[in-house]
Amino acid sequence: MTSRLSRLAVALVATAGATLAVTVANPAPASAAMTICYNTSQAGSFAGTANQAASIWNNATVNLTLSANCGSNLRIYQITGGGSYAVRTSLGNGRVYIDTQQAAQYSPLRIMTHEIGHILGLPDNYNGNCSLLMSGGSAGTSCTNPYPSSAEASRVSNLFAGTRIATERSTDRAGSEIFRDSWPSTLTPVG
Ligand SMILES: [Zn+2]
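Quick note: the sequence shown, position 129, residue 129 per the numbering used here, numbers continuous.
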């Protein structure tokens, strides 16, 4: 009886070992998404706009997830004057500044998704095409499209392919890229 039980135990251990071996042979998918924590504590009236922009990017892309107030990979600021711009310290990390004066002329959501696009690795493309997000203000104030084109979204997805959870923040400002002047002023100079 004891020996039968022993053989059963050996069989069970062998089965468990086989299961473990199968698990090890199938590692986690390479598509694990990088989490980009964005912080709206200084976004003022644009906090809701930032949430909308995050949803747009999350719906349009794979390999990354913008998540609210779980950390500070990306800080959103409300500013007045000087123009909206983005500072990318590294892919998925940086700061976005939204100018209230420009947001009164251009679509605030388009500005937000565009500037976040810089943080996600996209450059400007001032070709006046409203179907592109990165054409920015070159498409005019009547263009309110807040969605990246399929090509723009694919480019971001590809840039984040194979990345893991964002646990590092770049502290080396020498490597920062600054994207300015995406939204030409339409104000008539006074005086
Ligand atoms: Zn830009």
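For glycine and all other residues, C-beta sits at the position ideal for the given N, C-alpha and C.
### Query
According to DSSP, is F179 helix, strand or coil?
The residue you call residue 179 lines up with position 179 of the sequence shown. Note: F179 maps to strand in three-state DSSP.
### Residues of its chain near S135, where Cβ-Cβ distance is below 7 Å and the 5 sequence neighbours each way are ignored
Walking along the sequence shown from the start, residue 135 turns up at place 135. Only residues of its own chain outside the window of five on either side were considered, and among them N125, Y126, N127, G128 and N129 have a CB closer than 7 Å to the CB of S135, listed in chain order.
### Query
Relative to the alpha-carbon of L159, which residue among A43, H114, R95 and G121 has its alpha-carbon at the smallest distance?
Translated into positions along the sequence shown, residue 159 becomes position 159. When A43, H114, R95 and G121 are compared, the shortest CA-CA separation from L159 is found for G121.
### Task
Would you check if the region 141–154 and the region 79–90 touch, i.e. whether three or more CB-CB distances between them fall below 8 Å?
Result no; under three Cβ-Cβ pairs closer than 8 Å.
### Query
Does DSSP put A86 in a helix, a strand or coil?
What you label residue 86 is simply residue 86 of the sequence shown in a count that begins at 1. A86 sits in a strand when the DSSP states are folded into three classes.
### Query
Is there at least one non-hydrogen atom of ligand 1 closer than 7 Å to the beta-carbon of G44?
Along the sequence shown, one-based indexing puts residue 44 at 44. Because no heavy atom of ligand 1 lies under 7 Å away, the Cβ of G44 does not count as near it: no.
### Message
Spatial neighbours of S72 within its chain, please: C-beta separation below 7 Å, excluding the five flanking residues on both sides.
### Response
Mapped onto the sequence shown, residue 72 falls at position 72. Excluding residues within five positions, the ones whose Cβ falls inside 7 Å are C37 and N39.
### CA nearest to the CA of G94, picked from T186, G175, P184 and S185
Here the question's residue 94 lines up with position 94 in the sequence shown. The candidate whose alpha carbon is nearest that of G94 is G175.
### Distance cut-off 7 Å: D99 Cβ against heavy atoms of ligand 1
The residue given as residue 99 occupies position 99 in the sequence shown. No, the Cβ of D99 stays beyond 7 Å of every heavy atom of ligand 1.
#### Entry: Top-ranked residue by Cα proximity to L74, from L91, A60, V156 and Q102
Mapped onto the sequence shown, residue 74 falls at position 74. Considering only alpha carbons, the answer is L91.
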